[in-house]
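Have a look at the structure below before the remarks.
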Amino acid sequence: MKIAVGQGSCGIAAGALKAYDVLEQKLNSKNELTFTGCIGMCYLEPIVDVYNENELHRFVRVTPEIAEKIAKAVNSGDFSLSAEYEISEDDKAFLSSQTRIALRHCGIINPEKIEDYIEDSGYEAIKKCVTQMTPEEVIEEIKISGLAGRGGAGFPTWFKWNAAKNSEGNEKYLICNADEGDPGAFMDRAVIESDPHTLIEGMLIGAYAIGAKQAIVYVRAEYPLAVKRLKKAINQARERGFVGENIFGTEFSCDFKIKAGAGAFVCGEETALIESLEGSRGMPRLKPPFPAQSGFLHKPSNINNVETFANVAWIIKNGGEKFAEMGTETSKGTKVFALTGKVSKGGLVEIPMGKTLRDVIFGIGGGIRGGKKFKAVQMGGPSGGCIPESLLDTVIDYKALSATGAIMGSGGMVVMDESTCMVGMAKFFLDFTAKESCGKCTHCRIGTKRMLEILTRITEGEGKEEDIELLEELCYSIKDGALCGLGQTAPNPVLTTLKYFRDEYTDHIENKHCTAHECAKLRKYKINPDACRGCTACARKCPVGAISGAVKSAHKIDSEKCIGCGSCLSACRFGAVEVE
Amino acid sequence: MNFYNSKTDSDLTLLEPTLEEYGDEAENLITVLQSAQEIYGYLPTDVIIYISKRMCVPITKIIGVATFYSQFRLTPIGKYLIMLCKGTACHVNGADGIYEAISEYLNITDGETTEDGLFTVKCVACLGCCSLSPVMMVNDDTYGSLTPEKAVNILKDLAEKEEK
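Residue numbers (the working numbering), protein chains in the order written: chain A, 601 to 1180; chain B, 99 to 262.
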């Protein structure tokens, strides 16, 4: 039997290596133990798959103890021994309701074995391109597919390729943006860790189409496992002649280079990424000229993100039309989302465009964890916005999502329940953009800072009546005045929360009240005298001496002195401290 | 931020293989700095001056690059680098509480190192393990589904291990 342990970064963090070690010791030699990347059901990690001929037994939340039981079952062939640890029917639906193209091999193949990839017709798409198609035909096929950039902006991929191809010059570069910086998105990491050859093949096809001899992957340094697996994959592809000189005996040559990013969100912007590749501070350039005319080292360059490239080989193999059959009028194919936050089932979800947000969050994701109420979903990271419950039936489509004020973005979908403060959320993102602003243009550098100051004082109960108006004014001038896409979209989290959750802002400003009880300075605590045993634990923990009361009698909080730090709440063992 | 440390006795020969491979092209500056940081743990002043000479890149540019990217450090760090994720999913699931607990336990704030040189705490944007949020990385190990108590216990275990 073949036994595969999911070893993406999340799986490893959840304990996949321990499970692997146990299986390695206990399984008898008739079995083949291997590993895969990320299966995408992060909430069930670590996951162990056992292939018994054509039957799949999938075990979830595998602790070392459970791994031992699985080994026994495998060795004896009696799966009734471990039946209770197998995935439930309900959880199976998480995967079965998806349509996987970019993630087609994730969790199925061993990312460190090129043989696994080749077995599933790997590198046949690039072979077809270089031996049977002209670059024009490749671009035409991508045009038919309707593939658009999956990094956020949704710009048609064929258009960028065509522009780079038509630019003059013999030296051109094909660049992959794997600097996945959006907090809350991790699909690109999953693709590289789980299926690096798909990325390499997609990039080779892109390089052939635009006429580039050099491909560069700009990957986040925070993703060490992804870098390691990608390096290994490139070397394997080189050994087999898929990368390097005269690929498949043709005149097409292309080599690969990996450059590790050094941690700057702005480098997700393509001109800033190019600056960074050249060894400088990652500050955006003014466009035009566009990278297709003058990019890396001032040569024509084309930049796409990981998920975009992950679709390319599939499109060439199956035809652009088949890809375009999926989705809506304006958005074709599938999109991968990283579903996280307060949702019951978090993980990677790939679905055809045109499904609704409700399908994803309540259908696949199983709704809100812990029986709480849905409040909003954040899409598009710091450039996106928060979508309220009333818009949950919005379809997943570049245009429809933009109309809400959020954006498709790279696919982070962070679900929030009633315990999340929306002003706090806006402040969180502004804190991020203010720190990550590169400082080149005034609107972004100073504007985001001023907005952060206003949001901070609102969440601390110091908000002024005119603050909302001031925030709006700043939002629009930053949108108009900032140099790059990141600055122009930085106000989105504030604009969308103001649009859909304005009452929370006014509640903070006028009543000094936070409905979610998240803003520490606005939180008021009291002690329930009936539950208090007078143990003095809270009084001893209180950093400002606001709690008084004799031993074994009910204590009291002096609201004048209280700073709302919550130390008493965590100190009380009897549930007597309550939030008002 | 302290731009300059006064390091003058770094073993520069350790950097030689990197400079031989990448030192000829200025576009490789970030790669060289990453490698230097890997070797020395941070970017000592004498190393920066040496890189500047070897790569013919002005010191000002190197400092500019080193202070722009969050990965680079101009001061030494502790034996254990705690990278606390402050991404969206971690924020929603209580990363602030983890930070408070860690900084109270170690008595340091973001970017600082404990006096015994054991721990440095750094808040980072997103580690990409959102489904396990809140998350922190201590050197190369990732810890997920943290609570304030769990995070502090992990650090306590490491500190105890050091005492032995």
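Yeah, the Cβ is synthetic: ideal placement off N, Cα and C, and Gly gets one too.
8 Å Cβ cutoff, residue 229 of chain B in contact with chain A:
Reading the second sequence from its first residue, position 131 is the one you call residue 229 of chain B. At least one chain A Cβ lies under 8 Å of residue 229 of chain B.
In chain order, what residues of the same chain have a beta carbon less than 7 Å from the beta carbon of residue 729 of chain A, not counting five sequence neighbours either side?
Here residue 729 of chain A is taken as the residue at index 129 of the first sequence, counted from 1. Once the five neighbours on either side are set aside, the close Cβ partners of residue 729 of chain A are 738, 805, 808, 916.
Got a sec: is the Cβ-Cβ distance from residue 783 of chain A to anything in chain B below 8 Å?
Position 183 of the first sequence, counted from the first residue, corresponds to residue 783 of chain A. By this cut-off, residue 783 of chain A is an interface position.
Check each residue of the stretch 123 to 142 of chain B: if its Cβ is closer than 9 Å to any Cβ of chain A, include it; give the result in chain order.
123, 124, 125, 126, 127, 128, 129, 130, 131, 132
Mind checking residue 850 of chain A: buried by the 16 CB within 10 Å criterion, or exposed?
By one-based count along the first sequence, residue 850 of chain A stands at place 250. The residue is exposed, with fewer than 16 neighbouring Cβ atoms inside 10 Å.
Taking Cβ positions, are residue 961 of chain A and residue 902 of chain A nearer each other than 8 Å?
Sequence index remark: in the first sequence, residue 961 of chain A carries index 361 (1-based). Sequence index remark: in the first sequence, residue 902 of chain A carries index 302 (1-based). The answer is no: Cβ separation not under 8 Å.
Could you check whether the stretch 762 to 779 of chain A touches the stretch 210 to 219 of chain B, counting it as contact only if at least three pairs of C-beta atoms, one from each stretch, sit closer than 8 Å?
no
Which chain B residues sit within Cβ distance under 7 Å of residue 828 of chain A?
By one-based count along the first sequence, residue 828 of chain A stands at place 228. What residue 828 of chain A touches in chain B: nothing, since even the nearest Cβ is about 11 Å away.
In whole angstroms, give me the CA-to-CA distance for residue 1098 of chain A and residue 1105 of chain A.
Translated into positions along the first sequence, residue 1098 of chain A becomes position 498. Translated into positions along the first sequence, residue 1105 of chain A becomes position 505. For residue 1098 of chain A and residue 1105 of chain A, the distance between alpha carbons rounds to 7 Å.
Quick one: what's got a C-beta closer than 7 Å to residue 626 of chain A's C-beta in the same chain, skipping five residues either side?
Numbered from 1 along the first sequence, position 26 holds the residue referred to as residue 626 of chain A. Cβ neighbours of residue 626 of chain A beyond the five flanking positions: 668, 671.
Buried versus exposed, by CB contacts within 10 Å (16 or more), residue 955 of chain A:
Mapped onto the first sequence, residue 955 of chain A falls at position 355. Flag for residue 955 of chain A reads buried.
Using DSSP's beta-bridge definition, name the partner residues of residue 179 of chain B.
Walking along the second sequence from the start, residue 179 of chain B turns up at place 81. Paired residues: B/218.
Would you mind telling me which residues of chain D sit closer than 7 Å to residue 750 of chain A, beta carbon to beta carbon, in chain order?
No chain D is present in this structure, whose protein chains are A and B.
Kindly list, in the order they appear in chain A, the residues whose Cβ is closer than 8 Å to that of residue 245 of chain B.
Counting from 1 along the second sequence, the entry for residue 245 of chain B is found at position 147. Going along chain A, no residue has its Cβ under 8 Å from residue 245 of chain B, so there is no contact; the nearest lies around 10 Å.
Helix, strand or coil: which one does DSSP assign to residue 1146 of chain A?
The residue given as residue 1146 of chain A occupies position 546 in the first sequence. In this structure, residue 1146 of chain A counts as coil in the three-state DSSP scheme.
Could you work out which residues of chain A lie near residue 242 of chain B, taking near to mean beta carbons separated by less than 7 Å?
Within the second sequence, the letter at position 144 stands for residue 242 of chain B. The answer, in chain order, is 613, 614.
Using only alpha-carbon positions, find the residue among A/813, A/1013, A/649, A/792 that is nearest to residue 833 of chain A.
Residue 833 of chain A sits at position 233 when you count from the first residue of the first sequence. The shortest C-alpha separation from residue 833 of chain A is found at A/792.
Use the C-beta contact count for residue 1102 of chain A: other C-beta atoms within 10 angstroms, 16 or more gives buried, fewer gives exposed.
Counted from its first residue, the first sequence places residue 1102 of chain A at position 502. Per the 10 Å Cβ criterion, exposed.
Suppose you measure from the CA of residue 552 of chain A to the CA of residue 116 of chain B; what does that come to, to the nearest Å?
What is shown of chain A runs 601 to 1180, which leaves residue 552 of chain A out entirely.
Residues of its chain near residue 796 of chain A, where Cβ-Cβ distance is below 7 Å and the 5 sequence neighbours each way are ignored:
In the first sequence, residue 796 of chain A corresponds to position 196, counting from 1. Around residue 796 of chain A: 711, 829, 830, 833.
When the Cα atoms are used, what is the spatial distance from residue 166 of chain B to residue 691 of chain A?
Here residue 166 of chain B refers to the residue found at position 68 of the second sequence. Here residue 691 of chain A refers to the residue found at position 91 of the first sequence. C-alpha separation (whole angstroms): 44 Å.
Local Cβ density within 10 Å of residue 1093 of chain A, reported as buried at 16 or more and exposed below that
By 1-based counting over the first sequence, the position of residue 1093 of chain A is 493. Under this definition residue 1093 of chain A is a buried residue.
Please confirm if residue 974 of chain A has its CB atom under 8 Å from at least one CB of chain B.
As a first step, residue 974 of chain A must be located in the first sequence, where it is residue number 374. No, residue 974 of chain A does not count as interfacial toward chain B.
Between residue 154 of chain B and chain A, is there a C-beta pair that is closer than 8 Å?
By one-based count along the second sequence, residue 154 of chain B stands at place 56. It does not: the Cβ of residue 154 of chain B has no partner Cβ on chain A nearer than 8 Å.
Less than 8 Å between the C-beta atoms of residue 1083 of chain A and residue 873 of chain A, yes or no?
The residue labelled residue 1083 of chain A in the question sits at position 483 within the first sequence. The residue labelled residue 873 of chain A in the question sits at position 273 within the first sequence. Cβ distance not < 8 Å, so residue 1083 of chain A and residue 873 of chain A don't count as in contact.
Since residue 659 of chain A sits in a beta bridge, which residues does DSSP pair it with?
Here residue 659 of chain A is taken as the residue at index 59 of the first sequence, counted from 1. Looking at the DSSP assignment, residue 659 of chain A forms a beta bridge with A/648, A/686.
Step through the CB atoms of chain B and report whether any lies within less than 8 Å of the CB of residue 978 of chain A.
For the purposes of this step, residue 978 of chain A is taken as the residue at position 378 of the first sequence. For residue 978 of chain A, the answer is yes, since a Cβ of chain B falls inside 8 Å of its Cβ.
Measuring CA to CA, which of A/842, A/1067, A/854 is closest to residue 714 of chain A?
Here residue 714 of chain A is taken as the residue at index 114 of the first sequence, counted from 1. Looking at the Cα atoms, A/842 is the closest of the given residues.
Extract the residue ranges of the alpha helix (DSSP H) inside the stretch 727 to 796 of chain A, only unbroken runs of 4 or more that lie entirely within it.
735 to 745, 757 to 766, 787 to 794
Put residue 1001 of chain A into one of helix, strand or coil per three-state DSSP.
Residue 1001 of chain A sits at position 401 when you count from the first residue of the first sequence. Note: residue 1001 of chain A maps to helix in three-state DSSP.
Do we get a CB-CB distance below 8 Å when we pair residue 986 of chain A with the residues of chain B?
Counting from 1 along the first sequence, the entry for residue 986 of chain A is found at position 386. Answer no: the Cβ-Cβ gap between residue 986 of chain A and chain B never drops below 8 Å.
Under 8 Å, do residue 933 of chain A and residue 701 of chain A count as touching if we go by C-beta distance?
One-based indexing of the first sequence puts residue 933 of chain A at position 333. One-based indexing of the first sequence puts residue 701 of chain A at position 101. Closer than 8 Å, so yes.
Can you find the residues in the same chain that come closer than 6 Å, C-beta to C-beta, to residue 755 of chain A, ignoring five residues on each side of it along the sequence?
Position 155 of the first sequence holds residue 755 of chain A. Closer than 6 Å at the Cβ level, and outside the excluded window around residue 755 of chain A, lie 749.
Within the same chain, show all residues whose beta-carbon is closer than 6 Å to that of residue 171 of chain B, passing over the 5 residues directly before and after it, in chain order.
Translated into the one-based positions of the second sequence, residue 171 of chain B becomes position 73. Answer for residue 171 of chain B: 140, listed in chain order.
Using three-state DSSP, classify residue 1046 of chain A as helix, strand or coil.
What you label residue 1046 of chain A is simply residue 446 of the first sequence in a count that begins at 1. Correct three-state label for residue 1046 of chain A: helix.
Thinking C-alpha only, which one of A/644, A/709, A/609 is nearest residue 240 of chain B?
Here the question's residue 240 of chain B lines up with position 142 in the second sequence. With distances taken between Cα atoms, residue 240 of chain B lies closest to A/609.
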